[in-house]
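Asks: So that we are looking at the same thing, I have put the structure below in structure tokens.
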Amino acid sequence: SSQDILECVAQMVDEGERERIVGIIHDMEEVGRQTMELLPGAMELIQWLQSHDIPMALVTRNTYETTTVLSQKLEYTFSPLIARDDDRYPPKPNPTALHAIAQEWQISLPSESLVMVG
């Protein structure tokens with residue numbers, strides 16, 4: 002069976018080993034930020050959604066630091082943006098973050114006005 006790596010690391014008893022693994026994950030994410038490339042069509046999709054006044058939020062297991070790089074590349078600021086640094090929300094697929102977005106956008110759930118992708 003597979004286990005979520007972030008949860009696995011958080012449960013490690015040996016603090017030194019946990020810090021070492023967190024450092025490795027941080028280094029890998031830094032490489033990802035430095036080499037991040039948009040998928041073909043991503044910019045066009047964001048522009049199309051903007052031109053149709055469709056708001057976009059982002060819920061991700063990435064860090065706020067990584068989402069800042071993404072936002073710069075897309076030339077778009079997601080609002081709200083919920084990253085793993087925000088411990089108010091459990092990770093996807095838990096719907097708590099989606100409910101928070103709906104509340105901020107004043108959308109009653111269930112609704113056809115809100116879609117979660119990914």
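For what it's worth, this note's numbering labels the leading residue of the sequence shown as 2, then goes sequentially. The beta-carbon is built from N, C-alpha and C at its ideal position, and this holds for glycine as well.
1. Which of helix, strand or coil does DSSP assign to Val116?
2. At what residues does the alpha helix (DSSP H) containing Leu7 begin and finish?
3. Can you have a look at Ala98 and say buried or exposed, based on whether 16 or more other CB atoms are within 10 angstroms of its CB?
4. Along the chain, where does the alpha helix (DSSP H) containing Leu26 start, and where does it finish?
5. Nearest CA to the CA of Met117: which residue from Thr61, Val70 and Tyr65?
6. Should Ile6 be labelled buried (16 or more other beta-carbon atoms within 10 Å of its own) or exposed?
7. Can you tell me the Cα-Cα spacing of Gly42 and Ala103, whole angstroms?
8. For Val148, which beta-bridge partners are listed by DSSP?
9. Hey, out of Pro96, His100, Met13 and Glu76, whose CA is closest to Leu50's CA?
Replies: Quick look at the numbers:
1. coil
2. Ile6 to Ala11
3. buried
4. A quick correction: the sequence has Ile, not Leu, at residue 26. Start and end: Glu16 to Thr36.
5. Thr61
6. exposed
7. 27 Å
8. Here the chain has residues from 2 to 119 only, and residue 148 is not among them.
9. Glu76
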